[in-house]
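What follows is one structure encoded as structure tokens, with my remarks underneath.
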Amino acid sequence: MESVYTRPSTIIPGSSTGFCPGCMHGTTCKLVAEVIEELGIADQAACVWGIGCCGLGSMYTTFDSIFSPHGRACAMASAYKRANPDEFVFTYQGDGDLASIGIAETLYAANRGENISVVFVNNGTYGMTGGQMAPTTLVGQKATTAPFGRKPEEHGYPVHICELLDSLKAPHYLERVTCVDAPNVIKTKAAIKKAFRYQLEGKPFSLVEVVSNCPTNWGLTPLETLDYLREHSLKEFALGVYRDRG
């Protein structure tokens, strides 16, 4: 029987992801691994992992891994790429890492138009450290540091990274996607491949934001989180291409 779907060579056989059941980090990391294999860049790829759940992807992927201090992935990726311009360099970060402690590094890497790619997973919570409120936590959404829900007058509003970066001149490609169902998984893979291809073509900064879930800290089953994403998260964080200079 002909195999029509196999494990990409960029994922270690028999390895464990470490992600909670139902978390979309697993799907997103698999898509990244598939794209790297399909583009034939496994031997030249280096991922700068963010701190938090996002870093668990390093446990089962074969491409080179670098860990930065919390939030500094874009700064480290910028330096690594400048020192090794023939390498393929990307970051894989969560919202606490990229949009909170690392917001300055993210903005300035984008503003400089660094030739790197960023995969940003937005699940609205600090997943690994106990469910604290993140920059992308929705208004009214509860967190361990906001037990009565996010209040704009007290905590401010959710931060929209694609829209924020779209105010800068240098970024080349910005798109927000999700893995809430099979059609959107296909779109997410296409967006990641486009961002990676643009780097290979020498284009400036690209970012793909993946609106994701967190069954553990949201206190919902994996299936319930899909409904929550559709009814709440995707209404706040509209999907689509925010910039594509081709």
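For our numbering, add 3 to where a residue sits in the sequence shown, where the first one is 1. Just so you know, even glycine gets a beta-carbon here, dropped at the ideal spot from N, CA and C.
query: Counted within 10 angstroms of its Cβ, other Cβ atoms place Y8 as buried (16 or more) or exposed; result: exposed
query: I104 and G74 closer than 7 Å at C-beta; result: yes
query: Whether L42 touches K192 by CB criterion (7 Å); result: no
query: For I69, the three-state DSSP class (helix, strand or coil); result: strand
query: T228, DSSP secondary structure in three states; result: helix
query: Residue environment, M136, which counts as buried when at least 16 other CB atoms sit within 10 Å; result: buried
query: C77 vs T94 beta-carbon contact at 7 Å; result: yes
query: 6 Å CB neighbourhood of C165 in its chain, flanking five on each side removed; result: L177, R179, E212, Y245
query: Counterpart residues of A76 in DSSP-defined beta bridges; result: For A76, which the question treats as bridged, DSSP gives no partner whatsoever.
query: Cβ pair count under 8 Å reaching 3, the region 150-162 against the region 202-212; result: no
query: Bridge-paired residues (DSSP) for N125; result: V214
query: N-terminal and C-terminal residue of the alpha helix (DSSP H) that A48 is part of; result: Taken as a continuous stretch (DSSP letters only), A48 belongs to no alpha helix (DSSP H), being part of the beta strand (DSSP E) at 48-52.
query: Nearest candidate by alpha-carbon position, reference I39, set V92, M4, L110, K84; result: V92
query: Span of the alpha helix (DSSP H), counted from its first residue to its last, around Q144; result: Taken as a continuous stretch (DSSP letters only), Q144 belongs to no alpha helix (DSSP H), as it is neither H nor E.
query: Completely contained beta strand (DSSP E) runs for the region 162-201, where each covers 3 or more residues; result: 176-181
query: Complete runs of the beta strand (DSSP E) confined to the region 13-52 [at least 3 residues]; result: 48-52
query: Completely contained beta strand (DSSP E) runs for the region 88-125, where each covers 3 or more residues; result: 91-97, 120-125
query: Secondary structure of T219, DSSP reduced to three states; result: helix
query: Expected contact under 8 Å - CB spacing of A48 and F70 to nearest Å; result: Not quite, the Cβ-Cβ distance comes to about 16 Å (not below 8 Å), so this is no contact.
query: M27 versus C57, F199, S215, residue with shortest Cα-Cα distance; result: S215
query: In DSSP terms, what R85 is bridged to; result: R85 pairs with nothing; no bridge assigned.
query: Which of helix, strand or coil DSSP assigns to G243; result: strand
query: Short Cβ contact (7 Å threshold) for A102 with P138; result: yes
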